[in-house]
Structures are given as C-alpha cells and as structure tokens.
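Okay, so here's the structure we're looking at.
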Amino acid sequence: MGKWALACLVVCGACANNVAFDKATGPDGKIKGALPIALAENAGKAKGIVTYPGGDRIDWKMIELPEGQKGRLELQMTYSTPRPGLRVTFDVFDQWNVPVKEAAVSGKGKIKSATVSKAAGKYFVRIYAPRRGDAGQYKLSAEFHPEVKVDGWDPTKVPVADPPKLAEIPEPVSTCQVFDEKDPVCATKCPSGAPVDWKGCPKATPPGGTGGIVVPPPPPPPPPDKPIVARVLKVDISGDGIDVTVGGGSELGVGKGWKATVLRGTTTTPLSGGAGTVVRVNKTTTIVHVKLTTGQIGENPNVQLSP
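Quick note: the sequence shown uses the working numbering, first residue 616, plus one each step.
Have a look at this one:
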C-alpha cells in the first residue's frame, strides 16, 4: 500500500462514527456506475480503495464476457489494511442483479476468491468494507476460461445402444424375519417388531409367572464427548481481545456449546485469564475469542476445547 493511501485510511478510521458510509463515494458506489474491467486475452485487473469510515464503503466493477461464449469465470482479490483485524471482501451479481457468488478465503493471507461456473454475459462485482471501521486497498484479477467446442459434433445426436436386459430375479422366499401383518408366514411366527398380542407370539403369563415375552433393556447412553487440545493456527485482533483459530473442528466432535481454555505453555494447566468463548465451529477448525494479547498466545499456543 502507498504511503498516501495508508495515511488516508488511518485518518479516516479516526472518524468511523461520524461519516456516512457513502458520503465520499464516486459514481462506482452504485451498480449503475460500475467501472468496466477490460479483458485482454480473457484476463483483466482492477485496483482501488474502500473505506467505511472514510465514506467510500463500496466499489462496483463490471465484467463483460465475449459474446456467444460460455465458460468458467475466476475472480481473485488480494488486499492490505492500515492495521490488523480489518477486512475487505466482495460478491458477484449477474446482469439481472441476482447474487450468484460470495467470495471465500483462498489459501493463506488476505486473499479471497470466487468461481462462477457456466458463466456468460455480464457480471457485476461489489467490493466493500463489511464492518464499521473496515478499510483497505485491494487488487482484483479476473480470468475467463471458455468452454472448448468441437465443430461438427453434437453429443445429442450420437446413437446410443440400449443396455442389455437383466435376467429376472425370482421373488425371495418369505421367512418373516421382520414383522409384516400382510405376510401369511408371519401368522405363525413372532418376528422382531410384532405387537405383544400378535397371534404368532407367546402370551405373557400373569405376574409371578416364569414365561412371557422378555423385553430387552434399553441401550446405554452414549459416552460423553472428550475434551481435545488444539494448536493455535491464526490470531486476529477483534474488539476487546483476539480471535484465535485452532486446529480442531466438527470432524473431531467439537460443538458450538463447547468451552475453550488457553493452556499454560505446553502443559495441561489452564492459563490465568485464559477462558474463552467458542465463536464458530468449522469442519477442521474452531474460532475462539479470548481476552488476551497476541504475545500471550505466542507463549501459550495450546487451547483445550471441552463439552
């Protein structure tokens, strides 16, 4: 980021609560004023700055694909911010202003991407600062990969032979393994699932007798989930503390109601003041909010997640 741009974003951040998000925006702050991204050899680039506190929260871009062609549109955005914890993101709309894709985190660092399959016509990209106080400088790249067509070949007109017929399978012989009142074999049997008064089942004896139907006990309850110790993968400054991403998620049984505790050093002893809140559980990671510093997390990199 250039020195001027960085200074602008920092100064704007000081008045986040006093400036309307669109006070300083240009025509590209609305979809009607979207700036075109020209494609040269099916690739194009754009850059700019968005700042919520600076009154320029949204930039719109427009991409027009080659006429009559269909294919895959790949978008990738890198961005930088004046201080840690700020974000910039984007989403994609078609030519009828219908949302078709939201950007997702791609790899490491401040990179986001989106892919539109079977893309054709025009697309509008909205680049914006998602939260009050967010600001950053971005670079957006677009690549179009058209579908390859073979002249003179129509797959719908290729003759396809009928598959061979399967041999008939005889009806299975009933043994009444599962209760079915319409199965005549079940009239003389007492299969699993039959009611207590079924004619094929033995009658229960009066109290004190030794015969009758034996009802199996209910299965024992499942064992409680066990706590796990997860390693810190990423740290983001957030509000009155930090958001810590740890390596352990729903695949290991972690749930939203779980508790989180930062451990002292490499021991299993809880760190004083290290109690945290589970913010989000992903498939392989969990995000925990703690009221600690990044330095404390660097010295104590393990977090215990427990039900």
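For each residue, glycine too, the CB sits at the ideal point set by N, CA and C.
This one's a predicted model, so the numbers in the text were calculated from it and none came from an experiment.
Next item on the list: For GLY854, I'd like the list of residues in its chain whose CB is within less than 6 angstroms of its CB, leaving aside the five on either flank, ordered along the chain.
Entry: none
Item checked: Contact between the stretch 862-877 and the stretch 838-847 (3+ Cβ pairs under 8 angstroms) -> yes
Item checked: Per DSSP, cross-strand counterpart(s) of ILE843 -> LEU920
Notebook entry, point to check: Does the Cβ of TRP675 have 16 or more other Cβ atoms within 10 Å, making it buried, or fewer, making it exposed?
Noted result: buried
Next item on the list: Quickly, what does DSSP pair THR666 with across the bridge? List them, please.
Entry: ASP671 and ALA750
Checklist line | Exposed unless 16 or more other CB atoms sit within 10 angstroms - verdict on THR820 | finding: Legend: pLDDT at THR820 = 47, less than 50; position of this residue unreliable, value from coordinates given subsequently. That one is exposed.
Item checked: At least three beta-carbon pairs within less than 8 angstroms, the stretch 682-701 to the stretch 741-761 -> yes
Notebook entry, point to check: Helix, strand or coil: which one does DSSP assign to ASP858?
Noted result: strand
Next item on the list: Give me whichever residues DSSP pairs with GLN691 in a beta bridge.
Entry: SER728 and SER756
Margin query: Suppose you measure from the CA of GLN919 to the CA of ILE912; what does that come to, to the nearest Å?
Written below: 13 angstroms
Notebook entry, point to check: Start and end of the beta strand (DSSP E) containing THR901?
Noted result: 901-905
Next item on the list: Count the other C-beta atoms from every protein chain shown that fall within 10 angstroms of the C-beta of THR666, then say buried if there are 16 or more, exposed otherwise.
Entry: buried
Next item on the list: Just the C-alpha distance for THR704 and ASN657, rounded to the nearest angstrom, thanks.
Entry: 23 angstroms
Notebook entry, point to check: Under the DSSP definition of a beta bridge, which residues are partnered with ARG895?
Noted result: ILE902
Check: Terminal residues of the continuous alpha helix (DSSP H) containing GLU914?
Finding: 909-914
Margin query: Less than 6 angstroms between C-beta atoms, sequence neighbours within five positions excluded: which residues of the same chain meet that for ILE902?
Written below: ASP858, THR860, VAL894 and ARG895
Notebook entry, point to check: So, helix, strand or coil for VAL720, using DSSP?
Noted result: strand
Notebook entry, point to check: Are the CB atoms of LEU755 and VAL740 nearer to each other than 8 angstroms?
Noted result: yes
Notebook entry, point to check: In chain order, what residues of the same chain lie with their CB nearer than 7 angstroms to the CB of HIS904, ignoring the 5 residues before and after it?
Noted result: SER853, GLY856, ASP858, GLY891, THR892 and VAL894
Item checked: Which of helix, strand or coil DSSP assigns to LYS874 -> strand
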